[in-house]
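So the sequence lines, in the order shown, correspond to chains U and A. Here this note's numbering is used: the first residue of the first sequence is 78, the next is one more, and so on. Here this note's numbering is used: the first residue of the second sequence is 8, the next is one more, and so on. A virtual CB, placed ideally from N, CA and C, is assigned to each residue, including glycine.
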Amino acid sequence: MPAERILTRNVGRPDSTALASYEANGGYQALRKAVGSMTPDGLTEEVKKSGLRGRGGAGFPTGLKWSFMPKEVDPKRPHYFLINADESEPGTFKDRLLMEKDPHLVLEGTLLGAYAIRASVAYIYIRGEFVHATQVLERAIEEAVAKRYAGKNILGGAWSCELVVHRGAGAYICGEETALMSSLEGDRGYPRLKPPFPAASGVWKCPTTINNVETVANVPFIVERGADWFQSVGKAPKNTGPKLYCLSGHVRRPGVYEAPLGLPMKELIHELGGGMLHADRPLKAVIPGGSSVPVLRADECDVDLDFDSLMAKGTMLGSAGIMVMDASTCMVAAMARIAHFYYHESCGQCTPCREGCGWLERILNRIEGGKGLQQDLDLLLSISDNIMGNTICALGDAAAMPTISFVKKFRDEFQHHVDHKSCLTGTLALQGVR
Amino acid sequence: MSFDAAFQGRVDAIVARYPQPKAAMLPVLWEVQKAKGHIDTESEAWVANRLGVSPAQVHGCVTFYTMYKQRPSGRHHIQVCTTLSCMLRGSDELVAHLEKRLNVRVGETTHDGRFSLVRVECLGSCDTAPMFQLNDDYHENLTLEKVDRLLESLT
């Protein structure tokens, strides 16, 4: 029997974006319960007990993050709650689904988080390309304010919280939490050194918490059904709750699939995803968590999709963007394209990332184009090693980690390019090499 | 350089949403681009003055965020996603087809000003690859035939 759909229960319902439809399905009851009968610290404690971990990529425990906020609000330093809706990690498209199809679930989760950390404003930072989702959210906010779920004196009580959608303008880096704060302040999206951590000094130097869209979408269910219920979904104690998996690449039915954390990768690809796109092209490799995590070879894909199982395989769940590559994929071409992404998106502050990502891309294109030198393979590893850990934020690491894994796990294929000045027979070369 | 009263009213409402005027940078630049089609130096100066920052601060943002246009684009601005998942599903063929069909190279605008073509990075629509964004709208699960039909329907 397929598991109950939790996060996507309203997706596919008629008028799923309308407040009346959301209310008819029990919507905003969690907010009513929390504001009516829970203290902010009680709510934080419940989320801590649930084991909810951030769904944006790092998997940090959400309740613990909330607990870092000051317990009292200094009127001169109001608390800010920021929702990271800058979904930009290649292979990831789950938050867009939630925002476009169930905006009130996102808003209810946002309000609950804001209540827990004692914020009176929440900014939803959404990537600029999501014009449609922006419009859906803005309409939903108007509806919520009109019914006193948001805005002044929520549900007739003392607490007020304004919701504002803030649209980015095309910069992957703004999904990094400190870059997001820089961008929100009206600057270039430059990441900042930590410490200070956002809870101590975040946006406008005020205490700030930043959560991903899918993360807060879990909170109404934790409030409604309790932490023990949440612990019963997925793999307790550390990989709990429902999860949205983004499946793309060479599969017959790409899409967003919901399952309890710990879904076996093979089940996602071969059952939910309908199997490989072409019957005669077997699985070659999978990137399990968005393009910044290490790749898995086909023989390593017998793994559950959760934080700790993937960590044990030397990779990460990341943003749960599962990118499937079949036997026709040239791994040098695939890696060159990934490197191009990070070179394009590097903000340029730190030399190892700014120069290193471009260097990686040029060498990969050289190898792909049949002009690779023998020393290039080790050079890719040594550049990656010099980027890792030597930058303000993790964007450089996000280019280095896949590079290292591609070169190490598909070394024969890289070597073939150097030796024969061509791709492996049966694989498709990169077109339009820049 | 001036904007009409309705525009300035919209800007005032945006600025009011933030504790500091500078934070209105991105939404105000969006308003400028919506009104003028692109953001020129004069508009940057206007925004700088309104938000109380230097023109260099505004220009720094306009040049950092890829969706702001410093010059006019075509009436139909085609932004093809070519990141990994789209590449695996044929985005490079899509780009080649569009270049041929529109008789432009990536980064160019047709002579009649109708179409401009750019490659962009992941648009978060990997399950419907290949795809492109045409002005504000996503066009997904594209085939070359679908693209031809779409182009023919545009004026």
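Anything in chain U within Cβ reach of Ser-180(A), meaning under 9 Å, just list it in chain order.
A query on residue 180(A) cannot be resolved here, the shown segment of chain A reaching from 8 to 162 and no further.
Tell me the rounded alpha-carbon separation between Asp-172(U) and Glu-291(U).
As a first step, residue 172(U) is located in the first sequence; it is residue number 95 there, counting from the start. As a first step, residue 291(U) is located in the first sequence; it is residue number 214 there, counting from the start. Distance between the alpha carbons of Asp-172(U) and Glu-291(U): 6 Å.
Near Gln-86(A), what residues of its chain come up, given a Cβ to Cβ distance below 7 Å and the 5 sequence neighbours on each side ignored?
Here residue 86(A) refers to the residue found at position 79 of the second sequence. If we look at Gln-86(A) and ignore the five residues flanking it on each side, its Cβ neighbours are Val-125, Val-127, Phe-139, Gln-140.
For chain U, find out if any of its Cβ atoms is closer than 9 Å to the Cβ of Leu-157(A); answer yes or no.
Here residue 157(A) is taken as the residue at index 150 of the second sequence, counted from 1. By this cut-off, Leu-157(A) is not an interface position.
Using a Cβ cut-off of 7 Å, pull out every chain D residue sitting near Gln-140(A), in sequence order please.
The displayed structure is made up of protein chains U and A, and chain D is not among them.
So, helix, strand or coil for Lys-312(U), using DSSP?
Reading the first sequence from its first residue, position 235 is the one you call residue 312(U). Lys-312(U): strand per DSSP, three-state reduction.
What residues of chain U sit near Glu-128(A), judged by a beta carbon separation below 9 Å?
As a working note, residue 128(A) is residue 121 in the second sequence. Within 9 Å Cβ-Cβ: Ser-165, Pro-167, Gly-247, Tyr-249, His-417, Phe-418, His-421, Glu-422.
At least one CB of chain A closer than 9 Å to the CB of Phe-491(U): is that the case?
What you label residue 491(U) is simply residue 414 of the first sequence in a count that begins at 1. Output row for Phe-491(U): interface = no.
Cβ shell of Ala-23(A) (< 6 Å), same chain only, five flanking positions each side left out
Here residue 23(A) refers to the residue found at position 16 of the second sequence. There are no such residues.
Here's the rule I'm using: 16 or more other beta-carbon atoms within 10 Å means buried, otherwise exposed. How should Phe-137(U) be labelled?
Locating residue 137(U) in the first sequence gives position 60, counting from the first residue. By the 10 Å Cβ count, Phe-137(U) comes out exposed.
Under 8 Å: do the segment 412-422 of chain U and the segment 340-349 of chain U share three or more Cβ pairs, one atom per stretch?
no
Roughly how far, in whole angstroms, is the beta-carbon of Gly-366(U) from the beta-carbon of Gly-395(U), given that I think they are within contact range, below 8 Å?
If you number the first sequence from 1, residue 366(U) lands on position 289. If you number the first sequence from 1, residue 395(U) lands on position 318. Rounded, the Cβ-Cβ distance is 3 Å, consistent with contact.
State buried or exposed for Leu-450(U), treating a residue as buried only when at least 16 other CB atoms are found within 10 Å of its CB.
Here residue 450(U) refers to the residue found at position 373 of the first sequence. It counts as exposed.
How long is the line joining the alpha carbons of Asn-288(U) and Gly-134(U), rounded to whole angstroms?
Position 211 of the first sequence, counted from the start, is the residue given in the question as residue 288(U). Position 57 of the first sequence, counted from the start, is the residue given in the question as residue 134(U). Between the alpha carbons of Asn-288(U) and Gly-134(U) lies a gap of roughly 11 Å.
Quick check on the DSSP output: what are the complete alpha helix (DSSP H) runs of length 4 or more inside the segment 429-470 of chain U, in order along the chain?
453-464
Determine, using beta carbons only, whether Trp-436(U) comes closer than 9 Å to chain A.
As a position in the first sequence, residue 436(U) is number 359, starting the count at 1. Trp-436(U) does not count as touching chain A.
Measure the C-alpha to C-alpha separation of Thr-169(U) and Val-409(U) and round it to an integer number of angstroms.
Within the first sequence, numbered from 1, the residue matching residue 169(U) stands at position 92. Within the first sequence, numbered from 1, the residue matching residue 409(U) stands at position 332. Roughly 22 Å between the two C-alpha positions.
Is the CB of His-327(U) under 9 Å away from at least one CB in chain A?
Locating residue 327(U) in the first sequence gives position 250, counting from the first residue. It does: the Cβ of His-327(U) has a partner Cβ on chain A nearer than 9 Å.
Could one say the Cβ of Thr-90(A) lies closer than 9 Å to chain U's Cβ atoms, at least one of them?
Position 83 of the second sequence, counted from the start, is the residue given in the question as residue 90(A). Cβ-Cβ to chain U under 9 Å: yes for Thr-90(A).
What is the C-beta distance between Tyr-192(U) and Ala-294(U), in whole angstroms, given that I count them as a contact (C-beta under 8 Å)?
Counting from one through the first sequence, the residue named residue 192(U) turns up at place 115. Counting from one through the first sequence, the residue named residue 294(U) turns up at place 217. The Cβ separation is near 15 Å, so there is no contact.
Is the CB-CB distance between Ile-160(U) and Tyr-99(U) below 9 Å?
Your numbering for residue 160(U) matches position 83 in the first sequence. Your numbering for residue 99(U) matches position 22 in the first sequence. Taking 9 Å as the Cβ cut-off, Ile-160(U) and Tyr-99(U) do not qualify as a contacting pair.
Considering Cα atoms alone, identify which of Arg-374(U), Leu-458(U), Val-328(U), Asp-163(U) is closest to Met-478(U).
Here residue 478(U) corresponds to residue number 401 of the first sequence, with the count starting at 1. Nearest of Arg-374(U), Leu-458(U), Val-328(U), Asp-163(U) to Met-478(U), Cα basis: Leu-458(U).
Contact between the segment 274-286 of chain U and the segment 250-261 of chain U is defined here as three or more beta-carbon pairs at a separation below 8 Å; is this criterion met?
yes
Quick one: which residues of the segment 63-87 of chain A get their C-beta closer than 7 Å to a C-beta of chain U? List them in chain order.
Gly-67, Cys-68, Phe-71, Tyr-72, Thr-73, Met-74, Tyr-75
Please classify Gly-114(A) as buried or exposed, where buried requires at least 16 other C-beta atoms within 10 Å of its C-beta.
Residue 114(A) sits at position 107 when you count from the first residue of the second sequence. By the 10 Å Cβ count, Gly-114(A) comes out exposed.
Check whether the Cβ atoms of Thr-31(A) and Val-18(A) sit closer than 9 Å, and answer yes or no.
On the second sequence, residue 31(A) is found 24 positions in, with the first residue counted as 1. On the second sequence, residue 18(A) is found 11 positions in, with the first residue counted as 1. It is worth fixing the name first, because residue 31(A) is Ala in this sequence and not Thr. The answer is yes: Cβ separation under 9 Å.
Ordered list of alpha helix (DSSP H) runs contained in the segment 111-152 of chain U, each at least 4 residues
If we require 4 residues or more, the alpha helix (DSSP H) runs fully inside the segment 111-152 of chain U come out as 117-127, 139-144.
Starting from the beta carbon of Gln-27(A), find every residue of chain U whose beta carbon is closer than 9 Å, and list them in chain order.
As a first step, residue 27(A) is located in the second sequence; it is residue number 20 there, counting from the start. Result: Glu-262, Gly-263, Trp-281.
Delimiting residues of the beta strand (DSSP E) encompassing Lys-361(U)
Taking the first residue of the first sequence as position 1, residue 361(U) is located at position 284. Segment 360-364, the beta strand (DSSP E) holding Lys-361(U).
When you compare the CB of Lys-41(A) with every CB in chain U, is at least one pair closer than 9 Å?
What you label residue 41(A) is simply residue 34 of the second sequence in a count that begins at 1. The beta carbon of Lys-41(A) sits no closer than 9 Å to any beta carbon of chain U.
Check each residue of the segment 308-324 of chain U: if its Cβ is closer than 9 Å to any Cβ of chain A, include it; give the result in chain order.
Cys-323, Leu-324
Using the rule of at least 16 other Cβ atoms within 10 Å of the residue's Cβ for burial, across every protein chain shown, is Ser-566(U) buried or exposed?
Missing from the structure shown is residue 566(U); chain U here goes from 78 to 511 and no further.
To be precise: take each residue of the segment 47-64 of chain A, compare its Cβ to all Cβ atoms of chain U, and keep it if any distance is under 8 Å. Which residues remain?
Near chain U, meaning a CB-to-CB distance below 8 Å, the residues of the segment 47-64 of chain A are Leu-58, Val-60, Gln-64.
According to DSSP, which residues form a beta bridge with Ile-287(U)?
For the purposes of this step, residue 287(U) is identified with residue 210 of the first sequence, where counting begins at 1. For Ile-287(U), which the question treats as bridged, DSSP gives the partners Leu-159(U).
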